[in-house]
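K.L.:
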Amino acid sequence: MKTLLYAYVASIMIYLPMMAETPDAKQFYDIVPLPRQIQAVNGTPFVIDAATVIAYDQDAPQLGNNACFLAEYIHKQFGIRPEVHEGISGRENTIILKSGSSDCDEGYNIKVTPDSVVIAGRSPAGCFYGIQTLRKSLASQNQRALPPVEISDSPRFGYRGAHLDVARHFFTVDEVKGFIDILALHNVNKFHWHLTDDQGWRLPLRKYPELTEKGSVRPGTCIGKDFDSNDGIEYGGCYTREEVEDIIRHAADRYIEVIPEIDLPGHMLAALKAYPELGCTGGPYELWTRWGVADEVLCAGNDKTLDFIDSVLEEVCDLFPSSYVHVGGDECPKVRWKECPKCQAKIKELGLDVKEPGKAEEKLQSYIMRHAAQTLKGKGKKMIGWDEILEGGAPEDAVIMSWRGEAGGVAAASSGHHVVMVPVDYCYLDYYQSLDAEEPLAIGGFVSLEKVYSYEPLAPKLPASDADRIIGTQANLWTEYITTMKHAQYMELPRLAAMSEVQWCGKDGKDYDAFLKRLPGLIRIYDAEGYNYSDHFLDIRANLSPDRDEKKLTLSLSTSDDSEIRFTLDGSEVLPTSQLYSNPLCLDTSTTVKGAVFRNGVKGREYCDSVTFSKSTFANVKLPRVPHPKYTYEGARVLTDGIYGKMSFSSGEWLGFEGGTVYVNVDLKIPQEISSVEIGNFISTPDWIFDAREISVEASLDGMEYHQIASIALPRFVADRRGIERHKLSFPEIKARYVRLREECENVIPDFHDGKGKPAFVFIDEISIH
Ligand code: TNX
Numbered sequence: 025m026k027t028l029l030y031a032y033v034a035s036i037m038i039y040l041p042m043m044a045e046t047p048d049a050k051q052f053y054d055i056v057p058l059p060r061q062i063q064a065v066n067g068t069p070f071v072i073d074a075a076t077v078i079a080y081d082q083d084a085p086q087l088g089n090n091a092c093f094l095a096e097y098i099h100k101q102f103g104i105r106p107e108v109h110e111g112i113s114g115r116e117n118t119i120i121l122k123s124g125s126s127d128c129d130e131g132y133n134i135k136v137t138p139d140s141v142v143i144a145g146r147s148p149a150g151c152f153y154g155i156q157t158l159r160k161s162l163a164s165q166n167q168r169a170l171p172p173v174e175i176s177d178s179p180r181f182g183y184r185g186a187h188l189d190v191a192r193h194f195f196t197v198d199e200v201k202g203f204i205d206i207l208a209l210h211n212v213n214k215f216h217w218h219l220t221d222d223q224g225w226r227l228p229l230r231k232y233p234e235l236t237e238k239g240s241v242r243p244g245t246c247i248g249k250d251f252d253s254n255d256g257i258e259y260g261g262c263y264t265r266e267e268v269e270d271i272i273r274h275a276a277d278r279y280i281e282v283i284p285e286i287d288l289p290g291h292m293l294a295a296l297k298a299y300p301e302l303g304c305t306g307g308p309y310e311l312w313t314r315w316g317v318a319d320e321v322l323c324a325g326n327d328k329t330l331d332f333i334d335s336v337l338e339e340v341c342d343l344f345p346s347s348y349v350h351v352g353g354d355e356c357p358k359v360r361w362k363e364c365p366k367c368q369a370k371i372k373e374l375g376l377d378v379k380e381p382g383k384a385e386e387k388l389q390s391y392i393m394r395h396a397a398q399t400l401k402g403k404g405k406k407m408i409g410w411d412e413i414l415e416g417g418a419p420e421d422a423v424i425m426s427w428r429g430e431a432g433g434v435a436a437a438s439s440g441h442h443v444v445m446v447p448v449d450y451c452y453l454d455y456y457q458s459l460d461a462e463e464p465l466a467i468g469g470f471v472s473l474e475k476v477y478s479y480e481p482l483a484p485k486l487p488a489s490d491a492d493r494i495i496g497t498q499a500n501l502w503t504e505y506i507t508t509m510k511h512a513q514y515m516e517l518p519r520l521a522a523m524s525e526v527q528w529c530g531k532d533g534k535d536y537d538a539f540l541k542r543l544p545g546l547i548r549i550y551d552a553e554g555y556n557y558s559d560h561f562l563d564i565r566a567n568l569s570p571d572r573d574e575k576k577l578t579l580s581l582s583t584s585d586d587s588e589i590r591f592t593l594d595g596s597e598v599l600p601t602s603q604l605y606s607n608p609l610c611l612d613t614s615t616t617v618k619g620a621v622f623r624n625g626v627k628g629r630e631y632c633d634s635v636t637f638s639k640s641t642f643a644n645v646k647l648p649r650v651p652h653p654k655y656t657y658e659g660a661r662v663l664t665d666g667i668y669g670k671m672s673f674s675s676g677e678w679l680g681f682e683g684g685t686v687y688v689n690v691d692l693k694i695p696q697e698i699s700s701v702e703i704g705n706f707i708s709t710p711d712w713i714f715d716a717r718e719i720s721v722e723a724s725l726d727g728m729e730y731h732q733i734a735s736i737a738l739p740r741f742v743a744d745r746r747g748i749e750r751h752k753l754s755f756p757e758i759k760a761r762y763v764r765l766r767e768e769c770e771n772v773i774p775d776f777h778d779g780k781g782k783p784a785f786v787f788i789d790e791i792s793i794h
């Protein structure tokens, strides 16, 4: 794939000498994230040469640091290291850094004239973003002549976050610093550092030394998705205080606030191993070797727990200068609390069972979170918690991080909370970014580059009056399946670039195609820095749209850089001699389409899709029971649109149902001879999606009287599975107009699975009747 990339970059470079002669300001400063306003100005360019200096205002000494960054960027790009001068002298050939006015604190203006480049930030941070803009422009064009321009820019959101989990897998100080450098390149200003979890405690604390002494090493790590065994290899790591301070400084130099997360009262096995008296059963406990949600949590009825929380948080507050501290609050099962005499006594003592008896344990969690909030308040900090903390009532001033969709965030905003939107479907960069079978194993889900880019943090259901409570959004990187920084970079890049436009740019200026055209400029920096990134943005983009009236599908293929595409329609491999794609393809019979992009003769990744036509294609479908609201997409019609669901339950083609029985009623419009019915089931047990247990087909001529014509029973799973099953039920030919399909869900998830005893999901797509 790298060869393909070189071919791609080479094709861009051909144009560079031409651009050097006629630099166009709009094109030159066309970077990611796109500045708010770029105004070309007449005149000759400012040329960076060996005599260029960087001067900064002596009244703003913090700009000295910025000047050094800029000198370093220029050195990396052109091999010239400009001298840095304190004080602005009026000399020519100078890049000037100074304070200026802007509509917001992090805003900046750049003015390029033949004699100088002035970067004026309202704050040093603003100036830093101006420097990033200049750096990216220089790198993307690799050109020392800067066209005259006036740029004014400022971010949309004040909270522009990126999160890294160092508990599931540990990353060294240098790796974390490198990660922070990547954030700075994308104008991110909050680094959410997930430091503790069931699989490891990474933060040293003076009062509780055993947290890292005993809680930072686990006895092994599960292999793949098999949670019942592990590799038996001790895995650990933790930081020293000095290292933490070093990282905080490194981030602060780049105007990034480090927000530590101490995840409580769940996700606490590492702490329980070190201090078993803090658990309901008293232990002994062991760090988890697997992923998921553990039942063992801090005992909420034990006053020692409150002391522990206070001491830990106080020390964290002293160590981290951030205005925020994240205290988790997510995924805290209440099973232990329900059986624990101390927790039950606490519930009685606080009267938590009086008003809403069923909610006593949720209220108990709320009591813990309020306590934590109070402690943080005493230290002058603001608390952040995951959206679960809303359940028993969130502490008044808590900032809510809405991850299980946007509903939590919308509700929180309406009750006055500030909110950071991080819904999994858009912001989870640990999810797959491509449906390519070659992708490295990931936790699940599917969040493409385009999906991240499409994110709008002001949710449709959010009233305009609550808009200013959404303070921003963030990309999250959980590391269950990410063991190296190279892999972390691959998951981040370029999706973080898409996120940076969500965080920085106003929603009106967003345009995915234009973003893809700007992206290669940023990729030049990724290459220069040796970052590992995904090149799926070079793949063919395909759009299949059904035309129900004409009974056909239209397939359009494109690439971000309008490269040559060739295709075949008979399932054969695409060759340089295959048919050239020029116009959308009309498909009206079952077809397998393959396509490939050719850049300078080098073939890219092959695209392959099939459409299927049968007696039920474009037939009317009714679902007596509506799918789960999160998995409804365009509704019943996707079941007969000729398009097969792909290897992701969230691709929009699969309809999801939680437990029970699912009926699908198909109307073939006229009575027809039929002899088989086929339906696809998507299976991904780690996501609680199982195959059906029973499928049956009934047929009718009049839509009143149905007869069962086929049925199959399917086995209960004994281990995890992922894949697509197409179930075909054949029967002696019969005449029918109405076909009713019934799928029985796995209503009791088997014991091997985390969800044992609960109902599973079934996901269905594309019914083909022959
Ligand atoms: C949910 S997001 C979690 C994490 C997992 C992540 C995997 C959140 C508050 N909890 O513990 O690592 O999913 O995607």
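Each position in the sequence shown, counted from 1, maps to that position plus 24 in the numbering used here. Every residue, glycine too, gets a C-beta built ideally from N, C-alpha and C.
(1) Taking the alpha carbon of Y279 as the point to measure from, which residue in P570, Q86, D726 and K238 has its own alpha carbon closest?
(2) What's the call for E131, buried or exposed, on a 16-neighbour Cβ count within 10 Å?
(3) Under the criterion of a Cβ to heavy atom distance below 7 Å, does W873 qualify as lining ligand 1?
(4) Taking just the CA atoms, how far does L322 sit from M523?
(5) Could you give the distance in angstroms between the alpha-carbon of F52 and the alpha-carbon of S161?
(6) I need the DSSP call for D775, collapsed to helix, strand or coil.
(7) Does ligand 1 have even one heavy atom less than 7 Å from the beta-carbon of Y505?
(8) Would you check if there are 3 or more beta carbon pairs closer than 8 Å linking the stretch 154-172 to the stretch 94-106?
(9) For R226, does the three-state DSSP call read helix, strand or coil?
(10) Throw me the rounded Cβ distance for the I495 and Y183 pair, which I believe falls under 8 Å.
(11) Here's the rule I'm using: 16 or more other beta-carbon atoms within 10 Å means buried, otherwise exposed. How should H210 be labelled?
(12) Going by beta carbon distance, what residues of the same chain come within less than 6 Å of M43, once the five residues before and after it are set aside?
(13) Below 7 Å CB to CB, which residues in the same chain sit around V282 once its five sequence neighbours on both sides are set aside?
(14) Could you check whether K231 and S147 sit closer than 8 Å to each other, using their CB atoms as the reference points?
(15) Compare the Cα-Cα distances from V340 to each of P756, K654, K201 and K403 and report the closest residue.
(16) How many Å lie between V721 and K646 at the Cα?
(17) Considering only C-alpha positions, which residue in the set S587, N89, C451 and Y452 is nearest to V626?
(18) Identify whether E151 lies in helix, strand or coil by the three-state DSSP scheme.
(19) From the DSSP output, in three-state form, read off T508 for me.
(20) Would you mind listing the alpha helix (DSSP H) stretches within the stretch 453-485 that are 4+ residues and don't spill past its ends, in chain order?
(21) Hey, how far is the Cα of V786 from the Cα of D585?
(22) Span of the alpha helix (DSSP H) holding A294?
(23) Are the CB atoms of D139 and E116 within a distance shorter than 8 Å?
(24) In chain order, what residues of the same chain have a beta carbon less than 6 Å from the beta carbon of Y348, not counting five sequence neighbours either side?
(25) Taking DSSP as the reference, what is the three-state secondary structure of K646?
(26) Run the proximity test for Y97: is its beta-carbon closer than 7 Å to any non-hydrogen atom belonging to ligand 1?
(27) Just to check, is the beta-carbon of W427 closer than 7 Å to a non-hydrogen atom of ligand 1?
(28) In the structure shown, what three-state DSSP assignment does A74 receive?
(29) Would you identify the three-state DSSP class for L121, choosing helix, strand or coil?
(30) Leaving out five residues before and five after P774 in sequence, what residues of the same chain have Cβ atoms less than 8 Å from its Cβ?
(31) Give the range of the alpha helix (DSSP H) segment to which C341 is assigned.
(32) K122 to P651, Cα distance in whole Å?
(33) Within 8 Å, do at least three Cβ pairs link the stretch 237-251 to the stretch 170-179?
(34) Leaving out five residues on either side along the sequence, give the residues of the same chain with a beta carbon under 6 Å from the beta carbon of T503.
(35) Who are the Cβ neighbours of L94 in its own chain at under 6 Å, not counting the five residues just before and after it?
(36) Roughly how many whole angstroms lie between the Cα atoms of G684 and P783?
P.N.:
Walking through what the data contain:
(1) Its Cα nearest to that of Y279, the residue Q86 stands out among P570, Q86, D726 and K238.
(2) Glu is not the amino acid found at residue 131; the sequence shown has Gly there. So G131 ends up on the buried side.
(3) Residue 873 falls outside the range modelled here, since the chain spans only 25 to 794, and no answer is possible.
(4) The C-alpha of L322 is placed about 35 Å away from the C-alpha of M523.
(5) 6 Å
(6) coil
(7) Y505 Cβ: outside cutoff for every heavy atom of ligand 1.
(8) Using a Cβ-Cβ distance cut-off of 8 Å, the stretch 154-172 and the stretch 94-106 are in contact, since at least three pairs of beta carbons, one from each stretch, lie closer than that value.
(9) coil
(10) 4 Å
(11) buried
(12) Note that M43 scores 42 on pLDDT, short of 50, meaning its location in the model is unreliable; the coordinates nonetheless yield the value given after this. Same-chain partners within the cutoff: there are none.
(13) In the same chain as V282, and ignoring 5 residues on each side of it, the C-beta atoms closer than 7 Å to its own belong to F215, W217, I271, I272, A275, F344 and S346, in chain order.
(14) no
(15) Nearest C-alpha to V340 among P756, K654, K201 and K403: K403.
(16) 15 Å
(17) Residue nearest to V626 within the set S587, N89, C451 and Y452 is S587 (criterion: CA-CA distance).
(18) A quick correction: the sequence has Cys, not Glu, at residue 151. Of the three classes helix, strand and coil, the one that applies to C151 here is helix, per DSSP.
(19) coil
(20) Taken in chain order, the whole alpha helix (DSSP H) runs of length 4 or more contained in the stretch 453-485 are 473-477.
(21) 39 Å
(22) L293 to A298
(23) yes
(24) I283, K406 and I408
(25) Looking at K646 - three-state DSSP - the assignment turns out to be strand.
(26) no
(27) yes
(28) coil
(29) In the structure shown, L121 sits in a strand (DSSP, three-state: E or B).
(30) R740, F741, V742 and K780
(31) D327 to L343
(32) Rounded to the nearest angstrom, the gap between the Cα atoms of K122 and P651 is 57 Å.
(33) no
(34) D189, R192 and H193
(35) I78 and I155
(36) In this model, G684 and P783 are separated by some 8 Å (Cα to Cα).
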